[in-house]
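The sequence shown finishes on residue 274 if you use my numbering, and the numbering steps up by one all the way, no holes.
Data first, discussion second: the structure below is written as structure tokens.
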Amino acid sequence: MKPIVKVKNLTFKYDKRIEEETLSDLSFTVNQGEWLAVIGHNGSGKSTLAKLLVGLLEPEEGSICIAGLNVNDTMNRNGRSHIGLVFQNPENQFIGTTVEDDVAFGLENINMPYEEMVKRIGKALKLVDMYEFRSHDPSRLSGGQKQRVAIAGMLALKPSLIILDEALVMLDPKSRRELLSTLQHLIKTENITVISITHDMNEAASADRIMILEKGRIVKSGSPSLIFEEQLDLQPPFAERLKRELITRGGEFPENYMTEEEMVRRLCNYCLIV
Ligand SMILES: Nc1ncnc2c1ncn2[C@@H]1O[C@H](COP(=O)(O)OP(=O)(O)OP(=O)(O)O)[C@@H](O)[C@H]1O
Ligand SMILES: [Mg+2]
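Right under this line is the structure:
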């Protein structure tokens with residue numbers, strides 16, 4: 001596996017006069033095609049990490065290399081178009097007067113030919129289920145719709161690395177599940193790398209790996225099964241909670257963590273037997 005993101009001894013603080021660091025000595029890599037979920041309490045430094053990864057902030061110490069390029073090297077500013085970032089607050093991300101214009105903005109910036117642009121915009125808006133809103137004013141959309149448009153704008157650029165900072169937080173549970181599975185499918189077929197910052201344990205559970213930040217430090221990193229088995233103070237994903245509840249009611253289930261899919265299969269078999 002090829003690492004596409006390499007973070008080494010990354011340290012950052014907003015106020016140089018204060019001793020306490022916002023991020024302290026973070027080192028990690030993300031492989032190409034991997035989905036890494038970053039979780040942690042409010043203020044643990046997740047959004048700060050996202051901003052450092054895309055070069056919106058500069059590290060105090062350490063280095064960030066993406067696809068072989070040092071993010072903070074001014075020479076590499078143009079190389080950043082292969083990184084897509086969607087923030088937690090979509091309000092601040094709109095520029096266009098229609099949804100379509102807004103998605104077009106990033107493509108115009110890279111001088112894409114008109115016909116190719118129209119194709120990409122249509123495809124991206126369909127992926128997030130917002131095609132019928134293409135002529136609407138983005139400022140009048142609901143929070144969840146705005147997030148979908150922001151995601152479409154990012155997908156239209158076909159980035160090789162996607163960073164989602166609570167990008168699905170305003171979506172209702174059903175839409176969130178649907179969009180998550182659309183993204184997962186796209187990511188697997190196009191070999192895109194994802195770093196998803198989230199408080200949603202179901203979203204984190206669908207990642208390949210979970211990294212936990214606490215007060216600006218990495219305290220744990222591992223597969224969802226490892227994290228949810230060991231980290232008892234975390235609210236586990238729905239499937240795990242259901243399993244624990246069924247065990248207390250006399251159900252027989254394996255001790256180890258089960259994904260939603262495994263749980264569904266297990267319950268279906270169980271119903272067939274009963
Ligand atoms: N622009 C800023 N100036 C000064 N301090 C900041 C700034 N932005 C964030 N901080 C501080 O840095 C710390 C980390 O904030 P950050 O936004 O990275 O947390 P987070 O993990 O994303 O939290 P949340 O889950 O609430 O989104 C917090 O203590 C916060 O108060
Ligand atoms: Mg945040």
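Glycine residues also receive a C-beta, built at the ideal position from the N, C-alpha and C atoms.
A contact between stretches requires three or more CB pairs, one per stretch, nearer than 8 Å, and the stretch 171–191 meets this requirement with the stretch 142–156.
Taking C-beta atoms under 8 Å as the contact rule, phenylalanine 105 and glycine 96 qualify, at a distance of about 6 Å.
If you check the C-beta of glycine 106 against ligand 1, you find no heavy atom less than 7 Å away. Within the DSSP bridge table, the entry for threonine 193 names Leu161 as partners. Here the stretch 196–216 does not lie against the stretch 58–70, with fewer than 3 beta-carbon pairs under 8 Å apart. By the CB criterion at 8 Å, glutamate 21 and threonine 11 fall inside the cutoff. Burial is judged here by how many other beta carbons sit within 10 angstroms of a residue's own beta carbon; glycine 55 has at least 16 and is buried. In the three-state DSSP reduction, glutamate 240 falls in the helix class (H, G or I). DSSP places aspartate 25 in the strand class (E or B) of the three-state scheme.
In this structure, the C-beta of asparagine 42 approaches ligand 1 to less than 7 Å from one of its heavy atoms. Where lysine 220 is concerned, the enclosing beta strand (DSSP E) starts and stops at 217–222.
Within 10 angstroms of the beta-carbon of threonine 198 lie 16 or more other beta-carbons, which makes it buried. Inter-residue distance for leucine 171 and valine 5 is about 28 Å (C-alpha atoms, whole angstroms). For the set Asp137, Leu23, Gly33, Asp15, the Cα lying nearest the Cα of lysine 2 is the one of Gly33. Distance between isoleucine 247 and serine 175, taken at the CA atoms: about 30 Å.
Separation of arginine 217 and glycine 122 (C-alpha to C-alpha, rounded to the nearest whole angstrom) is 41 Å.
Here DSSP, grouped into helix, strand and coil, assigns alanine 37 to strand. Every alpha helix (DSSP H) of 4 residues or more that sits fully in the stretch 92–170 is shown, in chain order, as 99–109, 114–127, 143–156.
With a 10 Å radius around the Cβ and a threshold of 16 neighbouring Cβ atoms, glutamine 235 comes out exposed. Per the CB criterion, closer than 7 Å to any heavy atom of ligand 2, the qualifying residues run in chain order as Lys46, Ser47, Gln88, Asp165, Glu166, Ile197.
Distance from the CA of tyrosine 257 to the CA of isoleucine 187, rounded to the nearest whole angstrom, comes to 24 Å. In its chain, beyond the 5 residues on either side, Met130, Phe133 have a beta carbon closer than 8 Å to the beta carbon of glutamine 145. In the three-state DSSP reduction, serine 206 falls in the coil class, being neither helix nor strand.
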